[in-house]
Ligand code: G3P
Ligand code: CA
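Structure (structure tokens):
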């Protein structure tokens, strides 16, 4: 799969176009592509029978009509649930609100395999598209998440890009250990170290071994204006999450961040003057 980055500030659809469609559903990702997003973001978790599925929370309670931990359910159990007509509240594992406009036809649990097919097909059609995959709860599974992820990426020929800067796929994690596991097997696969609060190491522009992209929260960028320049001076790129309001978009552009991760890709593209 060839890929050429086209724009200085990449716009990444966080859990798909998740302001307009239920997060992590196929509908949310198709909408993000239609909206013009440069890249998609997803979280991955392991099911009880070893499949990687795109679900943010440990449990399915918030984003489906079922209950229980993803890790305790098999893919067939998850496939029987409705992830679309229930719309979750951002960053909450509380009970969901009913969304009367939910579309049941695109509401199944999304496997990472299906999402990779979508990304591969979209690139093959000539429309460049990247995918940022976040490993969730990697420490609990002692390497199984990374092992499955690399196995799947290998099947798609995406695990060892010869030119990392042109890789359509990157791996993200809050866990340096998770990124190290990936690096040990696939050293050329781009990796993003996510950070909610600024660590001294990050503020000095230092990232874990093999990691070339910092993933600070917008809160870090607001509170530490020198952060972006310091990282970039150290040779790293900076991908900021989750940037949803216009003032934060403006700040990111002013500071020259490399990617804006947002629930509202169309609104951000409009603000950037992008088609
Ligand atoms: O893109 C990074 C961001 O998604 C990390 O936070 O909780 O939304 O997965 P979270
Ligand atoms: Ca995420």
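In full-length UniProt numbering, the protein residues as written are 1 to 275.
Where is the CB? At the ideal position from N, CA and C, for every residue including glycine.
query                                                                                                             : result
Cβ-Cβ separation, residue 120 to residue 33 (assumed contact under 8 Å), whole Å                                  : That pair is no contact at about 13 Å.
Inter-residue Cα distance where the pair is residue 159 and residue 46                                            : 19 Å
Assumed close pair residue 227, residue 203 - CB separation to whole angstroms, cut-off 8 Å                       : 6 Å
Contact under 8 Å by Cβ, residue 107 with residue 25                                                              : yes
DSSP bridge partner residues for residue 44 (one or two, in chain order)                                          : 135
Backbone CA spacing between residue 215 and residue 67 [nearest angstrom]                                         : 31 Å
Quiz: which residues have CB nearer than 5 Å to ligand 2 non-hydrogen atoms                                       : 43 and 134
Residue 126, buried or exposed, once every other Cβ within 10 Å from all chains shown has been counted against 16 : exposed
Sequence ranges, alpha helix (DSSP H) only - wholly within the stretch 113 to 170, length at least 4              : 144 to 155
Residue range of the alpha helix (DSSP H) that includes residue 232                                               : 227 to 233
For residue 216, the three-state DSSP class (helix, strand or coil)                                               : strand
Environment of residue 155 [buried if 16+ CB atoms lie within 10 Å]                                               : exposed
Cα-Cα separation, residue 233 to residue 263                                                                      : 28 Å
Start-to-end residues for the beta strand (DSSP E) that takes in residue 10                                       : 10 to 14
For residue 131 and residue 168, believed in contact at Cβ under 8 Å, the rounded distance                        : 6 Å
Beta bridge counterpart(s) of residue 52 as assigned by DSSP                                                      : 46
CB of residue 44 within 8 Å of CB of residue 149, strictly                                                        : yes
Check: residue 218 C-beta below 7 Å from any heavy atom of ligand 1                                               : no
heavy atom of ligand 1 below 7 Å from residue 68 C-beta                                                           : no
Three-state class that DSSP yields for residue 173 in the structure shown                                         : strand
Beta carbon of residue 192 nearer than 8 Å to that of residue 170                                                 : yes
Nearest candidate by alpha-carbon position, reference residue 48, set 189, 13, 267 and 69                         : 69
Among 81, 183 and 38, the one whose alpha carbon lies nearest that of residue 128                                 : 38
Nearest neighbour of residue 195, chosen from 244, 134, 152 and 247 [CA to CA]                                    : 134
Segment limits, beta strand (DSSP E) that includes residue 239                                                    : 237 to 240
Where residue 193 falls: helix, strand or coil (DSSP)                                                             : strand
C-alpha gap between residue 16 and residue 29, whole angstroms                                                    : 4 Å
Proximity to residue 212 [Cα-Cα], best of 259, 238, 220 and 225                                                   : 238
N- and C-terminal bounds of the beta strand (DSSP E) containing residue 37                                        : Unbroken run through residue 37: none, as it is neither H nor E.
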